[in-house]
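2 protein chains.
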Amino acid sequence: MSTNARETILAAARKTAQAHGYGGLSYRDLAAEVGIKAASIYHHFASKADLGAAVARRYWEDIAVELDAMLETTGDPMACLRLYPGTFRRSLEDGNRLCLCSFMSAEYANLPEAVQREAQVFADVNVAWLAKVLVMAGAVKPKESEARARAIFAAVSGAQLYARSRSDVSQFDALIEGYRASGLLPA
Amino acid sequence: MSTNARETILAAARKTAQAHGYGGLSYRDLAAEVGIKAASIYHHFASKADLGAAVARRYWEDIAVELDAMLETTGDPMACLRLYPGTFRRSLEDGNRLCLCSFMSAEYANLPEAVQREAQVFADVNVAWLAKVLVMAGAVKPKESEARARAIFAAVSGAQLYARSRSDVSQFDALIEGYRASGLLPA
DNA sequence: CTTTACCTGCCTAACGTTCGGTAGGTAGGG
DNA sequence: CCCTACCTACCGAACGTTAGGCAGGTAAAG
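If you read the sequences in order, they're chains A and B.
For the record, in the first sequence the residue sitting at position 44 is 44 according to my numbering, with numbers rising by one throughout.
For the record, in the second sequence the residue sitting at position 24 is 1024 according to my numbering, with numbers rising by one throughout.
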């Protein structure tokens, strides 16, 4: 465990938080999953707030890399817009989990400030990428790209939330298709 | 307190749950707010799951009445579609609270079955009403009304979630305007 | 080459607090 | 006399967190 215990904790905490939220993160359960004792987590993170912030930060760092890679490998902004909901779909497929940012937005009032901030950055990263890609694809006028990007992000988040409450990924697919049919997402 | 203590508990529990979720509902805090002792809540509700289910049920009963009343008083389905997001907006105005159903969708994995079910009914009620009104307004073909209704409900939920994470109601307004501009909501 | 010092990574054992829930009692009205 | 509505006084479990210790490694000092 030694060298990468911190990473193992981060990964396990992320998975748990996407299923049970920040409030559902328990040092005892988390430690058991990683294979150490609860108190040992304090060797890697000074507090639960610190751990939560680190998890959220790593979460948006990962998605930023993933989105940029998608744009680079396809080189096709329109294809990217089509693929974008897939990042949310994957969480549902993986144990009916939610986007960490959505969960933390719900838990917003109970969150330490540092965690709130990192969760917001996730949304910012998504919106900025969407806005850029929307302009590249010529789907909207540059002036409207930010607003449309936010609308897409919020709507996709809502679709994920709805599908989760039904434990049914196909509901997510149907909602995304509905967004395309109505014009929110390019068809 | 006597006769309507049950109602007082329900109302207080709803408010708390919209801010902190089902998990954030504490018998001690709730009792203090109502003006009785924690153990006395068991005189009105057999368990926390019972209380949660009762709160969620009352929640969708109230919204069902409110939506039907809106349609009856205006008599104008198009006006109703315009007013619909207002029900979500009001929660944000009232202490940056979330739709109970959204919060419970996030908490889904931690919820007693009875509570899960009542939370789903809230969504069903909204979708059914939206589908009906969409058809009345001639905004979509009857065959597509259910799918569009679900898309609207999910998108508006997502908008509320996003606005909450920024403690900024104007973000909600901007997102709804974005939905109108893109064609998801009738303009 | 060895001793001393300090480090990392983890442990055991407990802290005080809060949680949902239970047992049993009491005051008052029908 | 009993039912309603509430009470006091607990319970066991779980929570985040802390104190203190122990093995093993690294590195500078004698």
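Heads up, the beta-carbon is just placed ideally off N, CA and C, and yes, glycines get one too.
Here the structure is a predicted model, which means the values were calculated and not measured.
- For R1148/B, the residues of chain A that pass the 7 Å Cβ criterion are G178, S182, in the order they occur in the chain.
- Sequence-ordered contacts of the stretch 105-132 of chain A with chain B read S105, A106, E107, Y108, A109, N110, Q116, A119, Q120, A123 [C-beta pairs closer than 8 Å].
- When DSSP states are grouped into helix, strand and coil, P1077/B belongs to the helix group.
- Excluding the 5 residues flanking it on each side, Y27/A has same chain C-beta neighbours closer than 6 Å at A38, I41, in chain order.
- Among the residues facing chain A, C1101/B is included, as its CB has a counterpart in that chain under 9 Å away.
- DSSP places G86/A in the uninterrupted alpha helix (DSSP H) bounded by 85-93.
- Check the Cα spacing between L185/A and each of Y84/A, E107/A, A123/A: the tightest is with Y84/A.
- Closer than 8 Å at the C-beta level to chain A, one finds these residues of the stretch 1006-1031 of chain B: A1019, H1020, G1021, G1023, G1024.
- Of the candidates K1132/B, Y1022/B, Q1160/B, G1158/B, the residue whose Cα lies closest to the Cα of R1148/B is K1132/B.
- Scanning chain B for C-beta atoms nearer than 9 Å to the C-beta of R164/A yields S1105, A1106, Y1108, A1109, reported in chain order.
- Using a Cβ-Cβ cut-off of 9 Å, L92/A is close to nothing in chain B; its nearest Cβ partner there is about 11 Å away.
- Look at L161/A here: in three-state DSSP terms it is helix.
- Comparing alpha-carbon positions, the option among W1060/B, S1165/B, Q1171/B, L1030/B lying closest to Q116/A turns out to be S1165/B.
- For a Cβ distance threshold of 8 Å, residue set G1158, L1161, Y1162 of chain B lies close to S157/A, ordered along the chain.
- Between the stretch 50-61 of chain A and the stretch 133-143 of chain A there are fewer than three C-beta pairs closer than 8 Å, too few to call the two in contact.
- In this structure, Y108/A is the residue among E177/A, Y108/A, Y179/A, S170/A with its C-alpha nearest to the C-alpha of G1024/B.
- At a cut-off of 9 Å between beta carbons, E1144/B contacts chain A.
- Judged by DSSP secondary structure, R97/A falls outside any alpha helix (DSSP H); it is assigned neither H nor E.
- Proximity of A187/A to chain B, defined by a Cβ-Cβ separation below 9 Å, is not satisfied.
- In terms of Cβ geometry, V127/A and E146/A form a close pair [threshold 9 Å].
- Within the stretch 32-55 of chain A, no residue has its Cβ closer than 7 Å to any Cβ of chain B.
- Nearest to S1047/B by C-alpha distance, out of A1154/B, Y1022/B, W1060/B, A1163/B, is Y1022/B.
- Contact between G1158/B and L81/A fails: their C-beta atoms lie close to 17 Å from each other, not under 8 Å.
- Using a Cβ-Cβ cut-off of 9 Å, S1170/B does not count as an interface residue toward chain A, since no Cβ of chain A sits closer than that to its own.
- As the crow flies, the alpha-carbon of V1125/B is around 14 Å from that of A1151/B.
- Listed along the chain, the chain A residues whose CB falls inside 8 Å of the CB of L1098/B are A106.
- Linking R1097/B to Q1018/B through their CA atoms gives a straight-line distance of about 5 Å.
- The alpha carbon of E118/A has as its nearest neighbour, out of Q171/A, Y179/A, G52/A, the alpha carbon of G52/A.
- By the neighbour-count definition (other C-beta atoms within 10 Å, threshold 16), V34/A is a buried residue.
- Under a criterion of Cβ atoms nearer than 9 Å, the residues of chain A adjacent to A1174/B are, in order, A147, R150, A151.
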